[in-house]
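FYI, in numbering that gives the first Met the number 0 the residues of the sequence shown are 0 to 435.
Ideal placement from N, C-alpha and C gives every residue a C-beta, glycine not left out.
First the structure, in the form of structure tokens, and then the observations on it.
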Amino acid sequence: MNRLDNESSFWMPFTDNRSFKANPRLLASAKDMHYFTPDGRAVLDGTSGLWCVNAGHGRPKIVEAIQKQAALLDYAPTFQLAHPLAFEFAQKVGALFPAGLDRVFFANSGSEAVDSALKIALAYQRAVGQGTRTRLIGRERGYHGVGFGGISVGGIPNNRRSFTLLPGVDHLPHTFNLEKSAFTRGQPEWGAHLADALESIVTLHGAETIAAVIVEPVAGSTGVMVPPKGYLERLREITTRHGILLIFDEVITAFGRVGAASATEYFGVMPDIITCAKGLTNATVPMGAAIASRKVHDAIIDGAGPGIEFFHGYTYSGHPLAAAAGLATLEVYREEGLFDRARALSPYWEERAHALRGAPHVIDIRNLGLMAAIELRPREGKPGARAMETFHRCFDEGFLVRITADTIALSPPLIIEKAQIDQLFDKIADVLKTIA
Ligand code: PLP
């Protein structure tokens, strides 16, 4: 397809609609590590779609599970009714996270999972007699989806600017620092003290006003920012000391991305609530979840009077197709040992990523598990242009990378082979040589 009508009805999300429609790049099918364009060109998926197709594309077990479920039970409500798969899937999801974190509230996306988690935090504080705690703390450069809750605690100016935000929100500083941490492999040594900003926020507003802190354990969408050593531990210590709940937004990091079932497990720091989505169903059927600790769940459920304990839910919470897709996805992860595979591959991935040091325009490289970011020096007066050109050039030459501002972010399916890792980084190195 050469050109789409600018008036075409599809109003594309997070897209420069006019430029895209003037020069569309379409994907028509996918299998394992590759997308295929309508004219049959293979494109190596260096980003798992949008950080979500962790087991690779078109996996037969997942496809068959969805097909079978659609024929058996296409839809069933979960308000005052239910179907068995939702219970089975919740139990299996809960079992993947560290002990005590296993009460699963289903949503349909990461954004909804985040909204659900924020509401759970508020409901918890009210249930334990701390109803004055309504303030929510996010972090600069955090991305928590696009609900009003998510953009309010999120720290991306463009996502917030045009909208009315939740009141009573504050932000921690982000942890990105080129001077101190450029080209760090894994977790930076510098920056644990940035968590202490929470103490200042507590002093400023009073602990009795703060319900929860939400952070991505590894910030994904704004460019793979790995937490400094000791940072998450310190956040946990401060939140616990002040009766503040800690929410880890694991929409990107759960399901193998960091080389473990979750970043919670990888870092060994226990939050009170986890949000996830994306890899939960290998992105085949939309689904998200907020996973609460038993402490949080039991306080809300046991503390309520007769009747509905938590006034929140979605028509499609625990949707049968999503539950079936999710169960099959977890089986694929387990049968193929994909989380361990990601961990085993990560030193090779790190080596290949950091070999780009010295390539034209590269000012930083960051990595953890099977995630990496290559930070380019912005073109004078045209931020983002250099990365956008790199993205287009890579795509046209058969490689899908993701960009955010001037960062190239990579997060391939966990089934990637070493030879494909080589091809991906070789291609980026070649393309960077041709970019002004
Ligand atoms: N939270 C995080 C950490 C994310 O990375 C994302 C999406 O990338 C979201 C929430 C929002 O997820 P969704 O786009 O499914 O609403």
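Distance between Y315 and K118 (C-alpha atoms, nearest Å): 18 Å
Answer yes or no: the CB of A276 versus the heavy atoms of the ligand PLP, is any distance below 6 Å? yes
Should Q90 be labelled buried (16 or more other beta-carbon atoms within 10 Å of its own) or exposed? exposed
Considering only the beta carbon of each residue, do G302 and A126 sit closer than 7 Å? yes
Closest to L367 by CA distance: which of F266, L49, F247 is it? F266
Between the C-alpha atoms of H353 and T221, what's the straight-line distance to the nearest angstrom? 19 Å
Can you find a C-beta in chain C that's less than 7 Å from the C-beta of Y123? Judged by its chain identifiers, the structure shown contains no chain C, having just a single protein chain.
Roughly how many angstroms separate the alpha carbons of E207 and F86, rounded to a whole number? 36 Å
Span of the alpha helix (DSSP H) holding Y34? Looking at the DSSP string, Y34 is not in any alpha helix (DSSP H); the run it does join, the beta strand (DSSP E), is 33-35.
Beta-carbon separation of F182 and I415 under 7 Å? no
Could you check the C-alpha separation between L165 and H204 for me, to the nearest Å? 16 Å
May I have the straight-line CA-CA distance separating E63 from A211, to the nearest angstrom? 40 Å
Are there three or more Cβ pairs, one per stretch, closer than 8 Å when the segment 219-236 is compared with the segment 188-195? yes
At what residues does the alpha helix (DSSP H) containing M269 begin and finish? Per DSSP, M269 belongs to no alpha helix (DSSP H) and is neither H nor E.
Check the DSSP bridge columns for E374 and list the partner residues they point to. D363, T406
Any heavy atom of the ligand PLP closer than 6 Å to the beta-carbon of H173? no
Answer yes or no: do D395 and L375 have a C-beta to C-beta separation smaller than 7 Å? no
Inter-residue spacing [alpha-carbon to alpha-carbon] between G325 and Q68: 12 Å
Using the Cα positions of Q79 and L95, report the straight-line distance between them to the nearest angstrom. 27 Å
Can you name the start and end residues of the alpha helix (DSSP H) that H170 belongs to? Note, H170: premise wrong, no alpha helix (DSSP H); beta strand (DSSP E) at 168-171.
Are the beta-carbon atoms of G55 and P285 separated by less than 7 Å? no
Kindly examine the ligand PLP and report whether one of its heavy atoms sits closer than 6 Å to the Cβ of D44. no
Between P270 and I246, how many whole angstroms is the CB-CB distance? I'm expecting something under 8 Å. 6 Å
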